[in-house]
Amino acid sequence: MIIKIYNANLIDPFNRKEGIANVTIENGIISRVELNKPTNLSQVAKTQEPLFTSQKPQPLTDYLEINAQGLYVLPGLIDMHCHLREPGYEYKETIRTGTLSAVRGGFTSVCCMANTNPVNDNPEVTYYILAKAKEDGSCDVHPIGAITKGLRGEELSEMALLKKSGCVAFSDDGMPVMNSLIMRRALEYSKALDTPLISHCEDLNLTADGVMNEGRLSFYLGLKGIPKASEEIMVARDIILCRYFKSPLHIAHVSTKGSVELLKIAKEEGIPVTAETCPHYFVLTEEAVKNYNTFAKVNPPLRTDEDKEAIKYALKAGIIDVIATDHAPHHIDEKKVPFQEAANGISGFETALALSLQLVHEGCMSLKELIEKLTINPAKILKIQKSGIMEGQEADLILVDINKEWVVDSEKFATLGKNTPFNGWKLKGKVLMTIKGKKFFDMREE
Amino acid sequence: MKDLVEIRELSRDFIEEILNTAKAFKEVLQRDIKKVPTLRGKTAINLFFEPSTRTRTSFELAEKRMSLDVLNFSVSTSSVVKGESLYDTLKTIEAYNVDYIVIRHSSSGAAKFVAGHTRASVINAGDGTNEHPTQALLDAFSILEVKGRLDGLKIAIVGDIIHSRVARSNLYLLSKFDTEIRFVGPPTLLPIEPPDNVKVFYDLKEGIKDVDVVMLLRIQLERQKGAFIPSLKEYATMWGLKPNILPYLKDDAIIMHPGPMNRGVEIATEIADSPKAIILRQVTNGIATRMAVIYSLTPGGSN
Numbered sequence: 001m002i003i004k005i006y007n008a009n010l011i012d013p014f015n016r017k018e019g020i021a022n023v024t025i026e027n028g029i030i031s032r033v034e035l036n037k038p039t040n041l042s043q044v045a046k047t048q049e050p051l052f053t054s055q056k057p058q059p060l061t062d063y064l065e066i067n068a069q070g071l072y073v074l075p076g077l078i079d080m081h082c083h084l085r086e087p088g089y090e091y092k093e094t095i096r097t098g099t100l101s102a103v104r105g106g107f108t109s110v111c112c113m114a115n116t117n118p119v120n121d122n123p124e125v126t127y128y129i130l131a132k133a134k135e136d137g138s139c140d141v142h143p144i145g146a147i148t149k150g151l152r153g154e155e156l157s158e159m160a161l162l163k164k165s166g167c168v169a170f171s172d173d174g175m176p177v178m179n180s181l182i183m184r185r186a187l188e189y190s191k192a193l194d195t196p197l198i199s200h201c202e203d204l205n206l207t208a209d210g211v212m213n214e215g216r217l218s219f220y221l222g223l224k225g226i227p228k229a230s231e232e233i234m235v236a237r238d239i240i241l242c243r244y245f246k247s248p249l250h251i252a253h254v255s256t257k258g259s260v261e262l263l264k265i266a267k268e269e270g271i272p273v274t275a276e277t278c279p280h281y282f283v284l285t286e287e288a289v290k291n292y293n294t295f296a297k298v299n300p301p302l303r304t305d306e307d308k309e310a311i312k313y314a315l316k317a318g319i320i321d322v323i324a325t326d327h328a329p330h331h332i333d334e335k336k337v338p339f340q341e342a343a344n345g346i347s348g349f350e351t352a353l354a355l356s357l358q359l360v361h362e363g364c365m366s367l368k369e370l371i372e373k374l375t376i377n378p379a380k381i382l383k384i385q386k387s388g389i390m391e392g393q394e395a396d397l398i399l400v401d402i403n404k405e406w407v408v409d410s411e412k413f414a415t416l417g418k419n420t421p422f423n424g425w426k427l428k429g430k431v432l433m434t435i436k437g438k439k440f441f442d443m444r445e446e
Numbered sequence: 001m002k003d004l005v006e007i008r009e010l011s012r013d014f015i016e017e018i019l020n021t022a023k024a025f026k027e028v029l030q031r032d033i034k035k036v037p038t039l040r041g042k043t044a045i046n047l048f049f050e051p052s053t054r055t056r057t058s059f060e061l062a063e064k065r066m067s068l069d070v071l072n073f074s075v076s077t078s079s080v081v082k083g084e085s086l087y088d089t090l091k092t093i094e095a096y097n098v099d100y101i102v103i104r105h106s107s108s109g110a111a112k113f114v115a116g117h118t119r120a121s122v123i124n125a126g127d128g129t130n131e132h133p134t135q136a137l138l139d140a141f142s143i144l145e146v147k148g149r150l151d152g153l154k155i156a157i158v159g160d161i162i163h164s165r166v167a168r169s170n171l172y173l174l175s176k177f178d179t180e181i182r183f184v185g186p187p188t189l190l191p192i193e194p195p196d197n198v199k200v201f202y203d204l205k206e207g208i209k210d211v212d213v214v215m216l217l218r219i220q221l222e223r224q225k226g227a228f229i230p231s232l233k234e235y236a237t238m239w240g241l242k243p244n245i246l247p248y249l250k251d252d253a254i255i256m257h258p259g260p261m262n263r264g265v266e267i268a269t270e271i272a273d274s275p276k277a278i279i280l281r282q283v284t285n286g287i288a289t290r291m292a293v294i295y296s297l298t299p300g301g302s303n
């Protein structure tokens, strides 16, 4: 099959290329990239398919030409933090549905956290995930191994063996490593593996039985609060450990202004720490849980306006390196309960890019800066080899209309997790096509 | 209105309407025949997921005085212990075609959840640490009886504010009137960001000075474990209402308690049994107020 994309705006942080481009893909391989050679389509394309028609797309034959004027061609996005739930929680999500959801959202590489059942704390589970991904997956799956056995925070998991079997990082995500000595050992040990630890920063004693951000609103709603200190104390602890043991550390889902301030100091000092946040932390505030909306229940909890603004600032300033989805699908039964009993998590793959594009539309950062946080930055942190949009390489790219408006309809999600607080929102920016090797996902008519 | 879930979503007018209706029902309750036929043929279910004797009894009596058929569903005898979800329990009960559901649950927001999933009228009898609206209404009714007004009063709520649904409902109700509201207690039991219209006092004597009403809250025995207070003895010494505090209180100040009391902890026996305390009047008024609430709601309407 041959796909020719004409006159697209290409941004490729991997090859530091930017400009109007024609890209040709033959049988899953990028055969040609022509930069800055605008093409007069009326001359080349006789059978050109109009982009936006109400007609059904033609059956995919072996030749497709796309006039991509005004559209963007970008490398496939990388999500360094998601939950695919398999093995063990297939009623929430499977590798098949999760990766299909990912490619619909523009992600061609996803890193799945270890809190499956059994926990990914040994090579057998990693092998299982990789085999399933190969069999059922729509995109690359990079497992993240557990830091400690069973995520219990007591004994180190077989980190070297996990790395050998294909894990790209270690994390007990969902649970913090509360014991500072264990965290110290994990940081020291992982140095030999040159593989980062991803820390879920939360002091469980301070969280106690909290279910939302602590403050005026939590008192008002009669819900137990989680203080910002619960996150910040652990961010501070981990940065201090990282300073002593100089091992790469990545802070997951940063949600507070205080964490941003700590990261800023750490980075200025040259401590090898990186950080991510998620779209909901720079789009929503705790106001979203009013009316006990369980779809907005997430851990760490949604915070306040000043935190949201601090996170935007940190993204712009490079204090936060990565936007990850923390895609956390749940079954509706786990959300259709009173707030304090509801599961934590937001289904994020299919809204992440559009929500992130708000930062561009608001003028907070350039599209290029945004795309770096969704491609090259996570690739660098996790040392995932990516060649970008380059001749001779496997196609791993997406076609995006950053201005297309659409309404979120969770029933149309490919993920089994319909738990999104954004249902019914009108968003701007949509992935039209994802091409991953010979796999081709066409969302133009949706 | 279909449900009574939260005081904070009510208008002052609606609150006053309920309080006026309660006054009429209180007169009925002083008659020989204490029952009104208003709701004959309709059914109420008391759905209690938390142990409660007082509130459930008060609701049951109010329902019977309104000629409702009454069912009691409590957690120890229910299928909830078999792992049924609240939603399924609710749907089962709805299939009985009941008209009124009185719910008490340990989760904040549970009453709202239930109200959103049924056509029956839902009355919140306490949801987690969120609200206990009928308690606030009966408290307001009792204050009105004694003081003749709510506007212009100074009210101190003393004790475990953050864990108290009674405190919240009273806060929201009193905030709809021209009142001065004070929170008094140890900082660990007070909100870290109190509402703008609330004055906070750590000192009991200062906090109750010049107030017209003191509302005491029950201190839970397990608060020691969460490191909220060092001991009940220390709490009683610092924030318990004892005779030695009386000189700091206005002569016509009244003392309220939602019950059950811990004598010798938040309230000394001498105070509990003094004429200043209107605790038993609160209990009596609970029935008339709950009758008024049931009377004011319209099952099956749009929420």
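Residue numbers (this note's numbering), protein chains in the order written: chain A, 1 to 446; chain B, 1 to 303. For each residue, glycine too, the CB sits at the ideal point set by N, CA and C. Because the structure is a prediction, the values reported are computed rather than measured.
Short check: CB of residue i to CB of residue j, under 7 Å?
i: A/Asp79; j: A/Thr351; result: no
i: A/Val177; j: A/Gly153; result: yes
i: A/Asn419; j: A/Lys335; result: yes
i: B/Glu193; j: B/Arg165; result: no
i: A/Glu453; j: A/Gly225; result: Residue coverage of chain A in this structure runs from 1 to 446, which leaves residue 453 of chain A outside it and unanswerable.
i: B/Leu204; j: B/Ile162; result: no
i: A/Ala252; j: A/Asp173; result: yes
i: A/Phe14; j: A/Ile311; result: no
i: A/Lys163; j: A/Thr116; result: no
i: B/Leu138; j: B/Asn285; result: yes
Can you list, in chain order, the residues of its chain with a C-beta nearer than 7 Å to that of residue i? Leave out the 5 residues immediately preceding and following it.
i: A/Ser165; result: Pro123, Thr126, Tyr127
i: A/Asp307; result: Ser255, Thr256, Lys257
i: A/Ala288; result: Ala296, Leu302, Pro421
i: B/Glu206; result: none
Should residue i go down as buried or exposed, given a rule of 16 or more other Cβ atoms within 10 Å for buried?
i: B/Lys34; result: exposed
i: A/Ser366; result: exposed
i: A/Val407; result: exposed
i: A/Thr207; result: buried
i: B/Met114; result: For clarity, residue 114 of chain B is Val in the given sequence; the question names Met instead. Buried, because 16 or more other Cβ atoms sit within 10 Å of the Cβ of B/Val114.
i: A/Tyr6; result: buried
i: A/Tyr91; result: exposed
i: A/Asn291; result: exposed
i: A/Ser180; result: exposed
Keeping to the same chain, check which residues put their C-beta closer than 6 Å to that of residue i; ignore five residues upstream and five downstream.
i: A/Lys373; result: Val322, Ile323
i: B/Pro299; result: Asp99, Ala120, Ser121
i: A/Asp305; result: Thr285
i: B/Asp69; result: Thr43
i: A/Lys404; result: Lys430
i: B/Arg8; result: Tyr172
i: B/Ala353; result: Coverage of chain B is limited to positions 1 through 303, which leaves residue 353 of chain B absent and any answer about it impossible.
i: A/Thr277; result: Val254, Ile311, Ile320
Please work out which residues of its chain come closer than 8 Å, Cβ to Cβ, to residue i, disregarding the five sequence neighbours upstream and downstream, and give them in chain order.
i: B/Ser231; result: Gln224
i: A/Ala229; result: Asp203, Leu206, Gly258
i: A/Val337; result: Thr294
Could you check what DSSP says for residue i in three-state terms: helix, strand or coil?
i: A/Leu370; result: helix
i: A/Val254; result: coil
i: B/Lys35; result: coil
i: A/Ile376; result: helix
i: A/His280; result: helix
i: A/Ser31; result: strand
i: B/Glu131; result: strand
i: B/Ala360; result: The question about residue 360 of chain B has no answer here: the residues shown for chain B are numbered 1 through 303.
i: A/Ile5; result: strand
Touch check for the region 146-155 of chain A and the region 91-109 of chain A: three-plus C-beta pairs under 8 Å?
Too few Cβ pairs lie closer than 8 Å, so no.
Contact between the region 428-441 of chain A and the region 396-416 of chain A: three or more CB pairs below 8 Å?
In short, these stretches touch, since the Cβ pair count reaches three.
Three or more C-beta pairs below 8 Å linking the region 92-108 of chain B and the region 308-318 of chain A
No: fewer than three Cβ pairs fall under 8 Å.
Stretch-stretch touch, CB-based, cutoff 8 Å, three pairs: the region 286-295 of chain B with the region 240-253 of chain B
No, because fewer than three Cβ pairs between the region 286-295 of chain B and the region 240-253 of chain B fall closer than 8 Å, the two stretches do not touch.
Is the region 154-161 of chain A in contact with the region 186-201 of chain A, if contact means three or more CB pairs nearer than 8 Å?
These segments touch.
Examine the Cβ distances between the region 142-156 of chain B and the region 205-225 of chain B and report whether three or more of them are shorter than 8 Å.
Contact between the region 142-156 of chain B and the region 205-225 of chain B is present, with at least three C-beta pairs closer than 8 Å.
Take every Cβ of the region 131-149 of chain B, pair it with every Cβ of the region 271-288 of chain B, and state whether three or more of those distances are shorter than 8 Å.
Yes, since at least three Cβ pairs between the region 131-149 of chain B and the region 271-288 of chain B fall closer than 8 Å, the two stretches touch.
Contact between the region 44-54 of chain B and the region 167-183 of chain B (3+ Cβ pairs under 8 Å):
The region 44-54 of chain B makes no contact with the region 167-183 of chain B; the number of CB pairs closer than 8 Å stays below 3.
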